[in-house]
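Q: Residue numbers 11 to 575, in the numbering used here, belong to the letters of the sequence shown in order.
My questions all concern the structure below.
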Amino acid sequence: MKSSLKFYLVIIGSILFNLIFWNEKLALNAVLFDVFAVASLFFLYPGGLKSQLVKWLLATHLVTVFTVLFHNTVLSKIAFSSTLLLLAVFTQYTHRSAWYAAASVLMNYVLSPASLISHISTFKADKLTLRSTTQKLRILVIPLLLLAVFLWIYGAANKVFFSITNELGLLLDRYFARIIDWVSWARIGFFLLGLLVTTGLLWKSSVLYFAERDNRQENDLTRTRHDLSVWQRSSWFDLLSILMGKFATGMLALRNEQTTGVISLLFLNLLLLFINGIDIVYVWFGFEDRSRLNLSAYVHEGTGMLIFSIIAAIIVLLFFFRGNLNFYQKNKWLRYGAYAWLIQNTVLVISVVCRDYYYIERLGLAYKRIGVLFFLGLVLCGLVTVFIKIHQRKTAYFLLRINAWCVIVMMVAGSCIHWDEEIARYNLSRKESIKVDVKFLLTLSDKTLPLLQNNKELLGATNAGDSKDQLNLSPLELFEYRKAEFLKNQAQFSWLSWNRADAVTMRRLNLQNTVQKVSKKIEAGPFNSSTRGRQAGNPGETSDIFSLRSAVVLPVWPHGFMEGY
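Set out below in structure tokens:
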């Protein structure tokens, strides 16, 4: 019974997907589909609501729903889709790690379509037999013939009735014509895409491999005694034998490995101490004296290598603290060396933040410069979790699980800001002190169009139009082209594509256009009450004033919001 209900919900979801997303952008329609998907999930798998992780995921997912409707950025859509998929598998399966849950998502989309087809083939034959269908159709033959005959008779006898039936026939004709237009290969393919999306969300696979693997993992390390013959056949032994030779074998192998780790961390700490000293002197406090350097090369090359070194440091520590060395009684200096190196790598992170800050201060905001800050935030989370792993003897599974949730939290938090708008606002506000990259600003999302329109003199400047884009347009021409394309696209969308970012952009562009028209009329000639009231043949000024006023108070709903789909 529940399997049949699940099948019907999948079909309803596929039709809903086709109706609300076809030729639309992900916006208000995403909220409607999300309500259906989440409600169906909790109805089909009510036990999922008992999990604290599911409740936490539901809260973060609702944040992304708001950001899609409010900001409608690419990041908000990625966060929305990711949290919805994770919410689905955490509701269906018992998971703790987002990594294993992601594998279950993939498994759902690979296996669930086959399960859906298998379910269709198990329908009872007597419900779909040709004989039963033809018998029901034969019963309708005579009533339909009688209806057609008397419709013709009554129509010939009564012109009003004939007119009504004729209008009804034309209405049905247009309706079926729309159905024929709807059934195109592109629309069928889109329906199949909706079927795949909905099936992967609602149809739980019978294979529990990744959920079982997830639940077998441990957060805490336990000391294990290895069979020497088995250990000597492992890949770890081969690696240690290459690096340490005979010191990797025998009863003293663990002590030798600990000694190797202490010496390695001592050398690495001394080297990193020297690097951090240079950065503190020349980056933290003496960067102004180094302004003659190529700032772009200094930041990009240096930042990339420093981030790589931090990741390599984490990998080295994970190697030394992977197993029984955590329980070695004389590993005190190894731990101290690891803690010192983690602290020094944190100082290195601060140095990279300083480099990125100087880059932003002198050249403005950009995607990569913001991305570096997000990545450094994740690196700090990694360093903290490595410290916890070493101090509390945690497993690599714990480390990966916690850091995966850090990635999700950072992604959801990042989706709460419209970065394109912030980049454009910051760079344009500092146009007197930095060289604004106009070409880069023109690649940002449509939300930045009002900001660019307020700075059209910058677009038309000679230094901004030295070279043209791929469309052979100058920056000012490209801006006008983008603005026209945005207004044209918004007119084609229905209320299903409504989002606040586009609505506010539309309102501001229309307001700015009206203000410019009124300003031009004021500059062109006298604008006073005596001439305005008596010129019956030239009411343009008065109408523009009312247009300006209405532009201020117009709601932010798009064109055609209340029209039917």
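C-beta atoms are modelled at their ideal positions from N, C-alpha and C, and glycine is treated no differently.
Given the structure is predicted, the values throughout are model-derived calculations rather than measurements.
Regarding Ser-194 and the ligand ZN, is the C-beta to nearest heavy atom distance less than 7 angstroms?
A: No copy of the ligand ZN occurs in the structure displayed, which carries no ligand at all.
Q: For Leu-282, which residues from the same chain have a beta carbon less than 6 angstroms from its beta carbon, with the 5 sequence-adjacent residues on both sides left out?
A: Gln-354
Q: Rounding to the nearest angstrom, what Cα-Cα distance links Arg-411 and Arg-106 in this structure?
A: 8 angstroms
Q: Does DSSP put Asp-230 in a helix, a strand or coil?
A: strand
Q: Three-state secondary structure (DSSP) at Lys-576?
A: This structure does not reach residue 576, given that the chain is present from 11 up to 575, and the question cannot be answered.
Q: Closest to Tyr-219 by C-alpha separation, out of Val-78, Asp-456 and Ser-114, would be which residue?
A: Ser-114
Q: From Trp-66, Leu-59 and Thr-83, pick the residue whose C-alpha is nearest to that of Ala-5; which is it?
A: For the chain, the structure presents residues 11 to 575; residue 5 sits outside this window and is missing.
Q: Leaving out five residues on either side along the sequence, give the residues of the same chain with a beta carbon under 6 angstroms from the beta carbon of Ala-561.
A: Only weak support is given to the placement of Ala-561: the predicted model assigns it a pLDDT of 42, under 50, and the question is left unresolved by the model.
Q: Kindly list the residues whose CB is nearer than 7 angstroms to the CB of Lys-7, restricted to its own chain and excluding five residues on each side of it in sequence; keep chain order.
A: The chain is shown only over 11 to 575; residue 7 falls outside these bounds and no answer can be derived.
Q: For Lys-576, name the three-state secondary structure that DSSP assigns.
A: Because the chain here runs from 11 to 575, residue 576 falls outside it and cannot be looked at.
Q: To the nearest angstrom, how far is the alpha carbon of Val-20 from that of Ser-92?
A: 20 angstroms
Q: Between which residues of its own chain and Val-417 is the CB-CB distance below 7 angstroms, once the five residues before and five after are set aside?
A: Leu-388
Q: For Arg-345 and Phe-277, I'd like the C-alpha separation in whole angstroms.
A: 15 angstroms
Q: What distance in whole Å lies between the Cβ atoms of Leu-358 and Leu-316, which are believed to be in contact at a cut-off of 8 angstroms?
A: Right, their Cβ atoms sit about 6 angstroms apart.
Q: What's the C-alpha gap between Ile-360 and Trp-294?
A: 9 angstroms
Q: Nearest-angstrom Cα distance between Gly-204 and Ile-25?
A: Taking C-alpha positions only, Gly-204 is separated from Ile-25 by approximately 7 angstroms.
Q: For Val-207, count the other beta carbons within 10 Å of its own beta carbon; 16 or more makes it buried, fewer makes it exposed. Which is it?
A: buried
Q: Put Lys-378 into one of helix, strand or coil per three-state DSSP.
A: helix
Q: Please list, in chain order, all residues of the same chain as Ala-423 whose beta carbon is under 8 angstroms from its beta carbon, the five residues on each side excluded.
A: none
Q: Only counting the same chain, and skipping five residues up and downstream in sequence, which positions put a Cβ closer than 8 angstroms to that of Val-64?
A: Gly-58, Leu-97, Phe-100 and Thr-101
Q: In the DSSP assignment, find the alpha helix (DSSP H) that holds Met-458 and state where it starts and stops.
A: Residue identity check: residue 458 is Thr in the sequence provided, not Met. Looking at the DSSP string, Thr-458 is not in any alpha helix (DSSP H), and its letter there is neither H nor E.
Q: Val-326: which of Phe-284, His-81 and Ile-273 sits nearest, CA to CA?
A: Ile-273
Q: Measuring alpha carbon to alpha carbon, tell me which of Lys-16, Ser-61 and Lys-399 ends up nearest Ala-47.
A: Lys-16
Q: For Asp-456, count neighbouring C-beta atoms within 10 Å of its own C-beta (all shown protein chains included) and say buried if the count is 16 or more, exposed if not.
A: buried
Q: Taking C-alpha atoms, which residue in Gly-199, Val-419, Ile-433 and Ser-425 lies nearest to Arg-379?
A: Ile-433
Q: Between the Cα of Tyr-55 and those of Leu-211, Lys-342 and Ile-290, spot the shortest distance and give me the residue it belongs to.
A: Leu-211
Q: Do you know how far the Cα of Glu-34 is from the Cα of Trp-508?
A: 9 angstroms
Q: Since Lys-404 sits in a beta bridge, which residues does DSSP pair it with?
A: DSSP output for Lys-404 lists Asp-230 as bridge partner(s).
Q: What ranges does the alpha helix (DSSP H) occupy inside the stretch 383-437, keeping only unbroken runs of at least 4 residues that lie completely in it?
A: 406-424, all fully within the stretch 383-437.
Q: How long is the line joining the alpha carbons of Ala-111 and Gln-227, rounded to whole angstroms?
A: 14 angstroms
Q: Let's see if you can read the secondary structure: which residues bound the alpha helix (DSSP H) around Phe-52?
A: Residues 38-54.
Q: I need the DSSP call for Ala-166, collapsed to helix, strand or coil.
A: helix
Q: Measuring only the C-alpha atoms, how far is Lys-169 from Leu-156?
A: Lys-169 and Leu-156 have their C-alpha atoms some 20 angstroms from each other.
Q: By alpha-carbon positions, which one of Gly-374, Ala-501 and Ala-406 ends up nearest to Glu-442?
A: Gly-374
Q: Can you tell which of Thr-175, Val-419, Asn-225 and Arg-365 has its C-alpha closest to the C-alpha of Trp-66?
A: Val-419
Q: Note down, in chain order, each residue of its chain lying with its Cβ closer than 8 angstroms to the Cβ of Asn-39, except the 5 sequence neighbours on either side.
A: Ile-30, Phe-31, Leu-506 and Ser-507
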